[in-house]
Amino acid sequence: MAGVAVPAILLASCAVGPNFVAPDAPAASRYTREPQLGSTESTRTPGGNSQSFSPGSDVSGVWWTLFRSRKLTGFVDEAVRNHPDVQSAEFALRAARENALAEQGALFPQVSGSGSAAREQGPLYKLFNTSVSVSYALDIWGGTRRQVEALEAQADYQAFKLEATYLALTANVITAAITDASLRDQISATEDIVKAETDQLARIQHQFEIGAVSKSDVLAQESTLAQAKATLPPLQKQLAQQRNQLMAYLGRLPSEDRGEHVALAELRLPGRLPVSLPSTLVRQRPDIRQAEATLHQATATVGVGVANLLPQVTLSGSYGASGTGKLFSPGTIAWDATSTITQKLIDGGTLYHTKEADVALFEQNMAAYKSTVLSAFQNVADSLRAIQYDAATLKAQAEAEKAASDSLSMSIEQFKTGAVPYANVITAQQSYLNARIARIKAQAARFSDTAALFQALGGGWWNRADLTADASPRVNPGYFAGPNRSTQEAAR
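Just so we're aligned: 202 in numbering that gives the first Met the number 0 is position 203 of the sequence shown, and the numbers increase by one with no gaps anywhere.
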C-alpha cells in the first residue's frame, strides 16, 4: 500500500512548466459578410430545389443519407469497412494509447527480484543467494507526468487523425460517386446528340442527292458529327479513371468493379442545411483538434525540459538473504536503503537550449494552429458561397439549354424553308451540345458542394454511434483569439 500511496501524493503535487490552456474561439458570429444567407434559387430540374441554411443546427453523423440513395450509403459503408487508411489510423491510435500507458509505469516503484542456488561436493553444502530490489525515481518536478501528458496528447492527435481519415474518405466516396454519375449523364447526352446529328446527316445527304442542298452542307454536317464524336473518348476515359478511383476508395482493385453506380436523377438534394456556430466549429473539425493536440503535446514537452534542469531524486533499497543455512534465517538476512540526488553542473548548455527549442516548437505549433482555424473558416465560407452560386448557375444553365434547344429546332425549320443557310443549323447544334453538358455539370456541382459543406463543418463524427472511444476532449471548449499569454509566459 505504501508503494501506491507515495505516487498518489506526488501526483497531487504541482508539475513545473506551463499547464495547457486551449486557445479561445474566434470572436466571430458568422462565416460571411452578410448576417444570414437567404434561400437559394430553384429550378424545375432534378437537383434544382431551393436550399436554406439553418444556423446553429447540428450536423448528422451520417449526413450522406440525406441524399436518399441506398447505393450511395452502401458505398460509404463498404469504404469505411475496407479501406486500409482507416485501418492504419486505428492501429496508430492503439499504438499511441499503449505508449501513454507504458509511460505511466514510470510513476510507480520498479521492483525486481533475483535468486540463485548451488550444491557443492566435498563437504556437502548448499549455497543460496536471493534478493528483491526496489527503486523509485521521485517525480518531484513532474517531468514524468509531463511526459505522460505529452504522450496522451499524442494519442488525442491520433484519435482525431482517425476521424479526419474517416471524414476525408466518406466525402471522397460521395464526390467520386457524384462525379461518376455526372460523367455517365454527359456521355449519355453526347451519345443522344451524336445519334441526332447522324440522323441529320442522313437527311442532308438525301437532300444533296436530289439536288436540294450543296456538297458544302453535307461536309459541314459531317464535320459537326465528327466533332461531337470526338468528345466521347475523353469523357469515357474520365469515367474509366473515375471508376478506378471509386474502387480504390471502396478498398477494391479495379478488376473488382461490379458496375454499381448512382444516377443524378435518383439523388435528392437536402433542402435544409445545418450551419454550425463559429464558436463550435473549432470543436468539430478533426484537423483543428489535431492541431490542438499537437499544441498540447508541445506544451507538456516544455514542462519536461524544465524538469530536466532541476535535481533528480531516486530512492532505492534491497532486501535479501544469502548463505548456506536456512533461507531467511536471522543470520542470512541483509538489507539496505539509499537515496541519490543527481544534478548536472556543467553540460555546455544542452538542457537549457533543449528546453528553449521546445518553447520555440510550442510557438510554431501555436501559429500552425491559428492557420488551421483560418483555413477551416475559409472552407465553410467557400462552401456556403458555392452552394449559393451553384443554384444560380444551374438555373441559368437550364434556361440556356432550353434556349439552345429551341434555337436548334427553329434553325432546322428555317433551313427547310430556305430562310437561313445550313451554317446556322451547325452553330445551333454545337450550342445545344455545350449547353446540355454544362447543365449536367451544374447539377452535379450542387450535390458535390453540398457534400463539401458537411465536410467543412466536421462531418458530424461526434454524433456517430461508432465514435472512437476516448476521442472526446479533456479540456473545456472554446479558443483562439490570438496566442494564449498565460501558456506562453509559463513556457518562458
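Cβ coordinates follow ideal geometry from the N, Cα and C atoms, glycine included.
Please read all numbers here as calculations on a predicted model, not as lab measurements.
May I ask which residues mark the beginning and end of the alpha helix (DSSP H) holding residue i?
| i | result |
| --- | --- |
| residue 159 | 142 to 208 |
| residue 410 | 349 to 415 |
| residue 54 | Unbroken run through residue 54 is the beta strand (DSSP E), 51 to 54; no alpha helix (DSSP H). |
| residue 77 | 69 to 81 |
| residue 438 | 421 to 455 |
Determine the burial state of residue i: buried for a count of at least 16 other Cβ atoms within 10 Å of its Cβ, exposed for fewer.
| i | result |
| --- | --- |
| residue 233 | exposed |
| residue 19 | buried |
| residue 446 | buried |
| residue 401 | exposed |
| residue 287 | buried |
| residue 47 | buried |
| residue 283 | buried |
| residue 215 | exposed |
| residue 144 | buried |
| residue 253 | exposed |
| residue 354 | buried |
| residue 203 | buried |
| residue 225 | exposed |
| residue 310 | exposed |
| residue 142 | buried |
| residue 87 | exposed |
| residue 490 | Here the model assigns residue 490 a pLDDT of 42, short of 50, so the residue's position is not dependable and the matter cannot be decided. |
| residue 173 | buried |
| residue 414 | buried |
| residue 293 | buried |
| residue 49 | exposed |
| residue 465 | exposed |
| residue 436 | buried |
| residue 441 | buried |
| residue 138 | buried |
| residue 340 | exposed |
| residue 345 | exposed |
| residue 295 | buried |
| residue 361 | buried |
| residue 363 | exposed |
My understanding is that residue i touches residue j, with C-beta atoms under 8 Å, so please give their C-beta distance in whole angstroms.
| i | j | result |
| --- | --- | --- |
| residue 269 | residue 449 | 6 Å |
| residue 306 | residue 16 | 7 Å |
| residue 152 | residue 299 | 6 Å |
| residue 66 | residue 266 | 5 Å |
| residue 434 | residue 403 | 4 Å |
| residue 168 | residue 256 | So it is not a contact: roughly 18 Å between Cβ atoms. |
| residue 290 | residue 230 | 45 Å between Cβ atoms; not a contact. |
| residue 162 | residue 45 | That pair is no contact at about 33 Å. |
| residue 209 | residue 432 | About 28 Å; that fails the 8 Å criterion. |
| residue 55 | residue 276 | 5 Å |
| residue 443 | residue 303 | The Cβ separation is near 52 Å, so there is no contact. |
| residue 71 | residue 261 | 5 Å |
| residue 506 | residue 430 | An answer regarding residue 506 cannot be provided, because it is not within the stretch 0 to 491 covered by the chain. |
Please find out if some non-hydrogen atom of the ligand HEM comes closer than 6 Å to the beta-carbon of residue i.
| i | result |
| --- | --- |
| residue 180 | The ligand HEM is not part of the structure shown, which contains no ligands of any sort. |
- Query: Is the stretch 156 to 168 touching the stretch 26 to 35, taking contact as three or more C-beta pairs under 8 Å?
  - Reply: no
- Item | Within the stretch 213 to 294, ranges of the beta strand (DSSP E) (whole runs, at least 3 residues) | 271 to 274
- Query: Any contact of the stretch 449 to 468 with the stretch 369 to 384, i.e. 3+ C-beta pairs under 8 Å?
  - Reply: Yes: at least three Cβ pairs fall under 8 Å.
- Does the stretch 194 to 206 come close enough to the stretch 94 to 102 that 3 or more CB-CB pairs lie under 8 Å? no
- Three or more C-beta pairs below 8 Å linking the stretch 387 to 401 and the stretch 37 to 51: yes
- Are there three or more Cβ pairs, one per stretch, closer than 8 Å when the stretch 76 to 87 is compared with the stretch 182 to 195? no
- Task: Evaluate contact between the stretch 420 to 427 and the stretch 217 to 229, counting only Cβ atoms and requiring at least three cross-stretch pairs below 8 Å.
- Result: Between the stretch 420 to 427 and the stretch 217 to 229 there are three or more inter-stretch CB-CB distances shorter than 8 Å, so the stretches are counted as touching.
- If you pair each beta-carbon of the stretch 456 to 464 with each one of the stretch 55 to 70, do three or more pairs fall below 8 Å? yes
- Query: Does the stretch 169 to 183 touch the stretch 235 to 242, meaning 3 or more C-beta pairs lie closer than 8 Å?
  - Reply: yes
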